[in-house]
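Have a look at the structure below, then the notes.
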Amino acid sequence: MQLGLSYKRYQLDIPPAVWSEFFDQLTDENRGRLITLKLLDDQLGDFEVLRHTPLHSITYVPAGATGSDRPDCRGDLVVTVGRPQGLGEATYAHRVVCPQAVSIVTDEDGIVLSCTITNRDQVQSKISFQS
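Just add 969 to wherever you are in the sequence shown, counting from 1, and you've got my numbering.
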């Protein structure tokens, strides 16, 4: 039995060399879009940090710009959100310290459905974008 559904998803790994530009563009294309942010941790369990909150920005700050001299760290990534009606400035910031990997899932039209950032402790911050 065929249902006629042709919904494809694609996973892409984003190389560290382009994280700054990638997150600038992702922010520009998705500012105000509702997101859910979850922490996925094998040791502590999963935790929903935010639900249905408008994205303000996602910013990657390279290691040299953070003032840190951590040799095993590329930098930090900050996800900020705004008020539910999208009014005013950012109201909450979630910081991912020492991200090691970034991957996204898109639909067949290239619309980002989710972004997963893995830090050096293998804890994942998963941002799911609402339709």
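C-beta atoms are modelled at their ideal positions from N, C-alpha and C, and glycine is treated no differently.
Check: Considering only residues of the segment 987 to 1021, which uninterrupted beta strand (DSSP E) runs meet the minimum length of 3 residues and lie entirely inside it, listed in chain order?
Finding: 1003 to 1010
Next item on the list: Kindly identify the DSSP beta-bridge partner or partners of Q1093.
Entry: L1009, T1087, per the DSSP bridge assignment.
Margin query: Taking its Cβ as the centre, do 16 or more other Cβ atoms sit within 10 Å of Y979, making it buried, or is it exposed?
Written below: Exposed, because fewer than 16 other Cβ atoms sit within 10 Å of the Cβ of Y979.
Item checked: Rounded Cβ spacing between L999 and V1081 (contact assumed at less than 8 Å) -> The sequence as given places Asn at residue 999; Leu does not occur at that position. That pair is a contact at about 7 Å.
Notebook entry, point to check: Where G1051 and P1023 are concerned, what is the direct C-alpha to C-alpha distance, given to the nearest angstrom?
Noted result: 6 Å
Next item on the list: Return helix, strand or coil for P985, following the three-state DSSP convention.
Entry: helix
Check: Which residues does DSSP pair with Q1069 in a beta bridge?
Finding: Note: Q1069 sits in no beta bridge, so no partner.
Next item on the list: Can you give me the Cβ contacts of S1097 inside the same chain, cut-off strictly under 6 Å, excluding the 5 residues immediately before and after it?
Entry: T1005, S1083
Checklist line | Beta-bridge partners of L1082, as assigned by DSSP | finding: DSSP lists no partner for L1082.
Check: Nearest CA to the CA of K1095: which residue from D1078, V1074, T1028?
Finding: V1074
Next item on the list: Report the rounded CA-to-CA distance for F992 versus Q1012, giving the unit in angstroms.
Entry: 28 Å
Notebook entry, point to check: Is H1021 buried or exposed, if buried means 16 or more other CB atoms sit within 10 Å of its CB?
Noted result: Exposed is the call here.
Check: Taking C-beta to C-beta, are L1008 and Q1093 nearer than 9 Å?
Finding: yes
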